[in-house]
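Protein chains in written order, with this note's numbering: chain A, 21 to 297; chain B, 244 to 540.
To start, the structure itself, in structure tokens.
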Ligand SMILES: Nc1ncnc2c1ncn2[C@@H]1O[C@H](COP(=O)(O)OP(=O)(O)OP(=O)(O)O)[C@@H](O)[C@H]1O
Ligand SMILES: [Mg+2]
């Protein structure tokens with residue numbers, strides 16, 4: 021019997037077919053869009069809802085390469101830089117705080133007993149529900165947006181780090197003590213390096229949420245940013261700008277995820293067991 | 244009676260209970276330095292528990308444990324440990340694993356050793372373990388036997404007063420296992436260290452040890468066998484073993500077979516209940532103090 025190429029749990033699609041299969045849903049979605057757009061444009065050449073690729077390229081080109089007359093900047097570049105600054109600051113803060121807190125909560129029972137219920141409680145607050153509070157207390161500038169991302173992410177990261185610490189075999193802790201490790205050395209030289217890869221994975225998974233919080237905050241109060249732009253041009257039904265922006269955000273997110281994945285393999289070759297003989 | 248042996252390990256009147264379940268029941272034990280002591284017993288009788296108490300991971304419910312004149316606290320560099328698994332740190336290379344102890348606290352009572360010297364010393368240990376060419380690898384790139392050799396080196400470099408091992412070869416295939424046994428014997432002879440080795444393989448225990456302890460809950464005493472009696476394990480036999488020049492060939496000699504059959508009867512047969520006063524404790528270092536309930540009149 022030959023190995024099936026596609027059906028069943030024993031299927032081995034192989035490289036070429038693998039690529040083709042991966043491309044298939046993308047091509048289908050694209051085809052569907054083009055078809056629908058074409059139908060609408062035949063009815064009404066001025067249709068705004070499903071712009072043609074040419075219209076989108078045109079609009080995106082204007083956003084990317086034409087200077088804004090009032091500010092002298094390129095809108096898309098400016099939006100991207102502002103958004104990324106907020107996003108990365110928020111994520112970096114949440115990751116560092118979550119790492120330190122989770123490490124200590126997981127390793128030291130006293131810290132765990134004190135903080136764990138509180139952090140669990142915090143993690144249940146829907147961050148968007150306290151967005152108004154953030155705007156009121158931190159103003160409508162950068163800080164409130166960064167804070168929203170931070171508050172949205174850090175309880176989750178802290179809890180995940182705590183779990184990662186608890187999952188380390190107890191033998192390791194004992195072993196380190198018999199090698200003369202002090203409690204601080206145990207925390208920062210034995211445990212910390214071992215949960216760093218897990219931190220990267222957690223951040224990867226949290227990026228989607230981080231974008232959500234960022235766009236929400238920018239939509240409500242900002243004067244630049246990718247989310248700000250999308251909600252601004254919505255008033256003119258400018259789908260030819262919104263769609264390229266959404267694609268752009270998706271692409272950035274995808275590249276970030278990829279970068280994190282490669283940095284994980286590169287920086288922690290020991291992680292994930294036997295896959296790199 | 245108080246044990247009179249200034250050096251070595253002394254376990255005296257030790258009880259350990261989890262909730263209402265008594266695991267170790269008034270245990271007495273004395274091990275002199277330089278002994279290769281093996282501990283066997285039925286599964287779940289409390290071998291690992293005794294080891295954890297000596298290690299300091301857990302405290303006895305009653306009784307005391309003394310090593311070379313000092314009461315023992317939480318785990319520290321005075322005692323080394325090799326587990327069946329997870330002894331190595333996956334994020335460190337082999338050489339970093341071995342030198343870790345020197346780079347952390349350093350040996351008890353000595354100055355912290357600079358990084359370069361500790362690496363050089365670790366390299367010497369790796370050479371003795373025949374692992375020098377693997378120094379730069381991560382643990383997951385080594386076979387199980389190699390990992391255990393690294394784990395032994397990692398503990399030995401601290402020159403612990405006693406090296407505890409809990410089924411260290413339990414996860415290895417029979418050939419590797421025999422290699423490791425010979426290797427460990429060689430090392431023990433060179434270093435004259437004190438070893439406390441838990442295994443549930445009787446052959447391994449009898450082959451390796453200079454002394455074999457049998458821990459078991461299959462015995463009786465004057466507390467009787469009523470409903471309220473909640474008996475835990477005791478050391479029911481304590482054999483001194485000849486340390487003759489050996490090869491693995493001794494495993495096939497008739498004396499060896501007899502000894503194993505005897506131990507199996509003493510410790511592993513639920514139907515064979517010796518009275519506590521009749522335990523086979525002929526080893527010169529053996530001692531046992533029974534309470535008045537355990538031994539009336
Ligand atoms: N933390 C604990 N809480 C409750 N019971 C425990 C605990 N640790 C061990 N026990 C019980 O104590 C008994 C002895 O366990 P231990 O692990 O010492 O046995 P063992 O002789 O090492 O067994 P094995 O040969 O399977 O390794 C078992 O019945 C076990 O269920
Ligand atoms: Mg055990």
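Cβ coordinates follow ideal geometry from the N, Cα and C atoms, glycine included.
Given the structure is predicted, the values throughout are model-derived calculations rather than measurements.
1. Should residue 462(B) be listed as close to ligand 1, given that the test is whether its C-beta is under 7 Å from any heavy atom?
2. In its own chain, which residues sit with a C-beta less than 6 Å from the C-beta of residue 111(A), not counting the 5 before and 5 after it?
3. Got a sec? Which residues, its chain only, sit under 8 Å from residue 294(A) by beta carbon, not counting five neighbours each side?
4. Quick check on residue 532(B): buried or exposed, where buried means 16 or more other Cβ atoms within 10 Å of its Cβ?
5. Quick one: which chain A residues come within Cβ less than 7 Å of residue 323(B)?
6. Could one say the Cβ of residue 313(B) lies closer than 8 Å to chain A's Cβ atoms, at least one of them?
7. Going along the region 86-103 of chain A in order, which residues come within less than 7 Å of chain B, judged by CB to CB distance?
8. With a cut-off of 8 Å, does the C-beta of residue 221(A) fall near any C-beta of chain B?
9. Just checking residue 291(B) against ligand 1 - is the residue's beta carbon closer than 7 Å to any of the ligand's heavy atoms?
10. Taking only beta-carbon atoms, is residue 162(A) less than 8 Å away from chain B?
11. Quick one: is residue 314(B) buried, meaning 16 or more other Cβ sit within 10 Å of its Cβ, or exposed?
12. To the nearest angstrom, how far is it from the Cα of residue 88(A) to the Cα of residue 155(A)?
13. Work out the CA separation of residue 153(A) and residue 241(A) for me, nearest whole Å.
14. In chain order, which beta strand (DSSP E) runs of at least 3 residues are fully inside the region 297-348 of chain B?
15. Using the rule of at least 16 other Cβ atoms within 10 Å of the residue's Cβ for burial, across every protein chain shown, is residue 77(A) buried or exposed?
16. Where do the N-terminal and C-terminal ends of the beta strand (DSSP E) with residue 266(B) fall, by residue?
17. Would you report the Cα separation of residue 210(A) and residue 135(A), rounded to the nearest angstrom?
18. Can you list, in chain order, the residues of its chain whose CB lies under 7 Å from that of residue 394(B), leaving out five sequence neighbours each side?
19. Taking 8 Å as the CB-CB cut-off, is residue 291(B) touching chain A?
20. Residues in the same chain with beta-carbon distance under 6 Å from residue 260(B), minus the five sequence neighbours each way, listed in chain order, please.
21. Within the same chain, show all residues whose beta-carbon is closer than 7 Å to that of residue 494(B), passing over the 5 residues directly before and after it, in chain order.
22. Compare the beta carbon distance of residue 250(B) and residue 275(B) with 8 Å and say whether it is the shorter of the two.
23. For residue 327(B) and residue 379(B), what's the separation of their Cα atoms in angstroms?
24. If you drop the 5 nearest sequence neighbours on each side, which residues of the same chain put their C-beta closer than 6 Å to that of residue 245(A)?
25. Looking at the structure shown, is residue 493(B) part of a helix, part of a strand, or coil, going by DSSP?
26. So does the region 427-446 of chain B actually touch the region 331-342 of chain B, counting three or more Cβ pairs closer than 8 Å?
27. Should the region 474-483 of chain B be regarded as contacting the region 516-528 of chain B, the criterion being three or more beta carbon pairs within less than 8 Å?
28. Of the residues that make up the region 163-181 of chain A, which ones have a beta carbon closer than 7 Å to any beta carbon in chain B?
29. Hey, would you say residue 172(A) sits closer than 8 Å to residue 147(A), going by beta carbons?
According to the data block:
1. no
2. Contacts found: 230.
3. Confidence at residue 294(A) is low in this model, with a pLDDT of 40, below 50, so its placement is unreliable and no value can be given for it.
4. exposed
5. 198
6. no
7. none
8. no
9. yes
10. Output row for residue 162(A): interface = no.
11. exposed
12. 28 Å
13. 13 Å
14. Within the region 297-348 of chain B, the complete beta strand (DSSP E) runs of at least 3 residues are 305-310, 322-325.
15. By the neighbour-count criterion, in which a residue is buried when 16 or more other Cβ atoms sit within 10 angstroms of its Cβ, residue 77(A) is exposed.
16. 264-274
17. 22 Å
18. Contacts found: 325, 330, 331.
19. no
20. 304
21. 446, 450
22. yes
23. 23 Å
24. 99, 102, 103, 238.
25. helix
26. The answer is no - the region 331-342 of chain B does not touch the region 427-446 of chain B, with fewer than three Cβ pairs under 8 Å.
27. yes
28. none
29. yes
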